[in-house]
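Chemist: Mind having a look at this structure? Questions to follow.
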Amino acid sequence: MPLYGDLGNKLVQHAKRTQNLIHLPPYQAELVRAVAREVRDLDRDLKSILEPFQGSFDPTADQATACTLLVNHLSMRRNKRCLLAYHRTRADKLEELVWSGADVLDLAGQQTAGGANGVMGANDGGASSLSPQEEDYVRQYGDLLAAYKGQWTDIDLTGSLEPPRDLFIDVRVLKDAGEIQTEYGAINLTRNSQFYVRQGDVERLISQGYLQKLG
Amino acid sequence: MSYYDIDAILTDAEKLPCTFQIDVPDLGYLDNAPTQTLRAGAKVALPLWLAEMLAVANDDQGKSFVNFDLPRALGNDVIQALKADPRAVPLRDQSAHFFGLATRMMDLLAEEQELGSVLRKTFVTRATEIALHARKVGGGGKAAGGDDGASNLGVGGAGEEFLRGLDETERKLFRKAHEGAKAAKEWMENVKKH
Chain R
1 MPLYGDLGNK LVQHAKRTQN LIHLPPYQAE LVRAVAREVR DLDRDLKSIL
51 EPFQGSFDPT ADQATACTLL VNHLSMRRNK RCLLAYHRTR ADKLEELVWS
101 GADVLDLAGQ QTAGGANGVM GANDGGASSL SPQEEDYVRQ YGDLLAAYKG
151 QWTDIDLTGS LEPPRDLFID VRVLKDAGEI QTEYGAINLT RNSQFYVRQG
201 DVERLISQGY LQKLG
Chain A
1 MSYYDIDAIL TDAEKLPCTF QIDVPDLGYL DNAPTQTLRA GAKVALPLWL
51 AEMLAVANDD QGKSFVNFDL PRALGNDVIQ ALKADPRAVP LRDQSAHFFG
101 LATRMMDLLA EEQELGSVLR KTFVTRATEI ALHARKVGGG GKAAGGDDGA
151 SNLGVGGAGE EFLRGLDETE RKLFRKAHEG AKAAKEWMEN VKKH
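Note that the protein sequences, when read in sequence, are chains R and A.
Take 1 as the starting number for the first sequence in the UniProt record's numbering and just add one per residue.
Take 1 as the starting number for the second sequence in the UniProt record's numbering and just add one per residue.
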């Protein structure tokens, strides 16, 4: 027979798995709803137990009821902790994705298979698995980060921390990215073509998985 | 231990053998009998988050709702085996959060001095062994890419058995030690190249 708190535990096990993944697994909407429902059920039980006492319940006079209430209360508190920890783990992950420059919302809806681009920890897939609230969070966090970064135009806060060896690099185009403007004119990035470009011009595209750095 | 710490929450779900001290009509479901009264003296396995508070809460005579015993993972058999050789016991089979659980229990049972010292010695002895393995592993090529926490530690050979028996705390230790050794090696190679 399942106990109160078992479902919450399942949620936390999901969170545990999430911590070790590069992408974000699907949001457990069903499970979250079930845990929230459990809290509501417990709260209803609690109210109905307390009702006959009309607000004058004395725990020392009625040990058994006090114990039941305590178990109820602890179960709710446990569920709350599980819910919060689950969502916080995911929110942390989302912030990480935003900072690493993954185009989280662009990827939403399209299940991209895990790409072979290890460059700068590019992230694929998973974005389609956000809850509506999480999508909102990512969007607003992205705006916040952009506003923050906007204060310094001559430095890219989310740029690579690795000092470049060469100013120019070879890249292969993995996905059509259209035309980009560089100091040396426009380049049309069509799939499977190869270019010798300035690293600074394409860093963003590499981290978003459009280009792959060669050599 | 943070409120949001996933491992702390999972440790909190470990079960303790508890004995109820009072009759509680509404809690029969804890003992698989929802319609019956839970009698005083009933033995029920309760998660730590429940057992701890029920044991701490008491009435004016100092009687608590439940009394709890040490979990089997910290039982006499295991402790005796740890005394003999800490490295020979696969802790993970006892509990995936063995040291997390042990720490929580020691907080509650400060008087168990001997248990505490056995556990301390166990941790230190095994930590040395872990550090040794972490340095050896993946010395050749790259270590298996994704450490998905489950199994993919990229280990082979004699240490495999020992490493499979690590609990969560030890796995973290292993991973840190391994990453540290790897990063140091990479750095050294970089220095030589330039």
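C-beta: ideal position from N, C-alpha, C; glycine also.
Near LEU214/R, which residues of its chain fall below 7 Å by C-beta distance, leaving aside the five closest residues on each side in sequence?
Modeler: ASP170, VAL171, ARG172.
Chemist: So with Cβ pairs under 9 Å, would you call ASP26/A a contact of chain R?
Modeler: So, interface residue.
Chemist: Over what stretch of residues does the beta strand (DSSP E) that includes ASP170/R continue unbroken?
Modeler: Taken as a continuous stretch (DSSP letters only), the beta strand (DSSP E) holding ASP170/R covers 168-173.
Chemist: Can you name the residues of chain B whose CB is closer than 7 Å to the CB of LEU42/R?
Modeler: No chain B is present in this structure, whose protein chains are R and A.
Chemist: Alpha carbon to alpha carbon, what distance is there between PHE99/A and ALA64/R?
Modeler: So the alpha carbons of these two residues sit roughly 34 Å apart.
Chemist: Could you check the C-alpha separation between MET76/R and LEU31/R for me, to the nearest Å?
Modeler: Cα to Cα, MET76/R sits roughly 15 Å from LEU31/R.
Chemist: So, is the C-beta of ILE6/A closer than 9 Å to a C-beta in chain R?
Modeler: It does; some Cβ of chain R falls within 9 Å.
Chemist: Does chain A have any CB closer than 9 Å to the CB of ARG78/R?
Modeler: Chain A, which has a Cβ nearer than 9 Å to the Cβ of ARG78/R, makes this yes.
Chemist: When you compare each of THR169/A, LEU38/A, LEU46/A to HIS97/A by their alpha carbons, which one comes out closest?
Modeler: Of the listed residues, the one whose Cα sits closest to HIS97/A is THR169/A.
Chemist: Taking the alpha carbon of ILE49/R as the point to measure from, which residue in VAL39/R, THR68/R, ALA29/R has its own alpha carbon closest?
Modeler: Taking only the C-alpha atoms, the option nearest ILE49/R is THR68/R.
Chemist: Thinking C-alpha only, which one of LEU7/R, LEU174/R, SER100/R, GLN199/R is nearest PRO163/R?
Modeler: Measuring from the Cα of PRO163/R, the nearest candidate turns out to be GLN199/R.
Chemist: Should ASN72/R go down as buried or exposed, given a rule of 16 or more other Cβ atoms within 10 Å for buried?
Modeler: Buried.
Chemist: Give the single residue among VAL124/A, PHE65/A, ILE9/A, THR11/A whose Cα lies nearest to the Cα of GLY41/A.
Modeler: Answer by Cα proximity: PHE65/A.
Chemist: Starting from the Cα of LYS185/A, find the closest Cα among ASN32/A, GLN36/A, ARG135/A, LEU119/A and give me that residue.
Modeler: The shortest Cα separation from LYS185/A among ASN32/A, GLN36/A, ARG135/A, LEU119/A belongs to ARG135/A.
Chemist: Contact criterion: CB-CB distance below 9 Å. Does ARG90/R meet it with respect to chain A?
Modeler: Chain A, which has no Cβ nearer than 9 Å to the Cβ of ARG90/R, makes this no.
Chemist: Strictly below 9 Å CB to CB, what residues from chain A border VAL39/R?
Modeler: Result: empty, since nearest Cβ-Cβ is about 15 Å, beyond 9 Å.
Chemist: For chain A, check one thing: does any of its Cβ atoms lie closer than 9 Å to the Cβ of residue 272/R?
Modeler: Limits of chain R in this structure are 1 at one end and 215 at the other, which puts residue 272/R out of reach.
Chemist: Measuring alpha carbon to alpha carbon, tell me which residue in ASN9/R, VAL202/R, THR182/R is nearest LEU84/R.
Modeler: Minimum Cα distance to LEU84/R is reached at ASN9/R.
Chemist: Tell me the start and end of each unbroken beta strand (DSSP E) in the stretch 129-211 of chain R that is at least 3 residues and wholly inside, in chain order.
Modeler: Whole beta strand (DSSP E) segments, 3+ residues: 168-173, 178-182, 185-189, 194-198.
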